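Chemist:
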Amino acid sequence: MPWMILTGGRVAQCKARRAGEGMRLRTRQDAEGPYQEATPPQESAMDPVKHLIAIAEREREREKRRYPTPARSAHLSEAAEATPGQEPPRESVCGSPLLKLERLPERARQRALETTMRKIKLTLGTVELTAELLDTPTADAIYHHLPVHSKVHTWGEEVYFPVPVSVELEADARDIVQSGELAFWVEGRAIAIGFGRTPISRGNEIRLAARTNIWARTSDDITPLGRVRDGDPITVEGVID
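Under our numbering, the sequence shown is numbered contiguously, ending at residue 772.
1) Measure the alpha-carbon distance for threonine 766 versus phenylalanine 715 and round it to whole angstroms.
2) Specify the secondary structure class of leucine 756 as computed by DSSP and reduced to three states.
3) List the DSSP bridge partners of tyrosine 691.
4) What whole-angstrom Cβ distance do threonine 729 and glutamate 689 have, given they're in contact under 8 Å?
5) Suppose you measure from the CA of glycine 757 to the CA of isoleucine 724; what does that come to, to the nearest Å?
6) Do the CB positions of aspartate 761 and histidine 684 come within less than 7 Å of each other?
7) Check the C-beta distance from valine 708 over to isoleucine 745 and give it rounded, since I have them as a contact under 8 Å.
8) Could you tell me which residues DSSP pairs with phenylalanine 766 in its beta bridges?
9) Rank Ser732, Ala704, Arg649 by C-alpha distance to the C-alpha of tryptophan 686 and give the top, closest one.
10) Which two residues bound the contiguous alpha helix (DSSP H) that contains isoleucine 737?
11) Which same chain residues end up closer than 8 Å to leucine 739 when comparing Cβ atoms and leaving out the 5 residues on each side of it in sequence?
12) With a CB to CB cut of under 6 Å and the five nearest residues on each side skipped, what residues in its chain are close to valine 653?
13) Can you tell me which residues form a DSSP beta bridge with alanine 714?
14) Please classify aspartate 751: is it buried, with 16 or more other beta-carbons within 10 angstroms of its beta-carbon, or exposed?
15) Beta carbon of alanine 747, beta carbon of alanine 662: below 7 Å?
16) What did DSSP end up calling glutamate 592 once you bin it into helix, strand or coil?
17) Pull the bridge partners of arginine 733 from the DSSP assignment, please.
18) According to DSSP, simplified to helix, strand and coil, what is alanine 670?
19) How would you label alanine 702, buried or exposed, when you count the other beta carbons within 10 angstroms and need 16 or more for buried?
20) Just to check, is the beta-carbon of threonine 667 closer than 6 Å to a non-hydrogen atom of the ligand NAD?
21) Comparing C-alpha positions only, which one of Thr743, Gly711, Ala741, Asn735 sits nearest to threonine 754?
22) Per DSSP, glutamate 659 forms a beta bridge with which residues?
23) Just the Cα atoms here: how many angstroms apart are alanine 741 and glycine 719?
24) In the DSSP output, what is arginine 705 paired with across the bridge?
25) Among all the DSSP beta bridges, which residues are the ones paired with leucine 664?
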């Protein structure tokens, strides 16, 4: 019997305590309002798609800091060494101002061709020329094979050199060209640059051996091409403007 009385007393005490806690809880809720889990206002208001994009961007930046590529590290080192007031060196493909497309994977090479300025640099022996490509199929085909290394041939006041490109003769192909125009000899698969009279010229015209596709133009002085000799090396490279 005493055990029963003691147990009953404890039960009564527990009920009284719970009733008191419930009253305090209701009083607090009346004063502060119903309980709600706190969430960051920015995260709750953010669009789910934007939220995922933000997470991806943060992960990308974290990966860049943890695993910097050699090209990026070298570029950052050069930028850190730049003197105040001096512009840091511009990062370029393969660490060169010229576009070394043969070192890139095919997909990256095609992307680089689409996003870079369509200019080229020709080095014939000691002579250098810069030309801008036209919007033609021949220009596309040649640019996609850069850089090109070959040997120069001369024919009167014309230099030409073979390249690994095969295209069709275009509708506006012609054999008489203007100074500064770069032509492509379809049958011979060669780039031709006339800078004066050839053995078949009439008067002062620049007449090539056959109808050719005009694919680029240069505003440089091309008379120094007269110093180029048979067998001189020729390099054609894409230029990052």
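The beta carbon of each residue, even a glycine, is placed where N, CA and C say it ideally should be. Since we're looking at a predicted model, the values are computed, not measured.
Modeler: Answer, in terms of the structure:
1) Those two C-alpha atoms are separated by around 16 Å.
2) Under the three-state reduction of DSSP, leucine 756 is assigned to helix.
3) His684, Ala723
4) 5 Å
5) 11 Å
6) yes
7) 7 Å
8) One detail in the question is off: residue 766 reads as threonine in this sequence, not phenylalanine. Answer is Thr654, His680, bridged to threonine 766.
9) Ser732
10) Where isoleucine 737 is concerned, there is no enclosing alpha helix (DSSP H), although the beta strand (DSSP E) around it starts and stops at 737-748.
11) Residues Glu689, Asp706, Ile707, Val708, Ala714, Trp716, Ala723, Gly725, Thr729 of the same chain have their beta carbon placed closer than 8 Å to that of leucine 739, with the five preceding and five following residues left out of the count.
12) The sequence given here places leucine at residue 653; valine does not occur at that position. Closer than 6 Å at Cβ, skipping near neighbours: Leu660, Val767.
13) Ala723, Ile745
14) exposed
15) yes
16) helix
17) In DSSP, arginine 733 forms no bridge with anything.
18) helix
19) exposed
20) Among the ligands in the structure shown, none appear at all, so the ligand NAD cannot be discussed.
21) Closest option to threonine 754, Cα to Cα, is Gly711.
22) Thr654
23) 10 Å
24) For arginine 705, DSSP records a beta bridge to Thr743.
25) In the DSSP output, where bridge partners are listed per residue, leucine 664 has Ala747.
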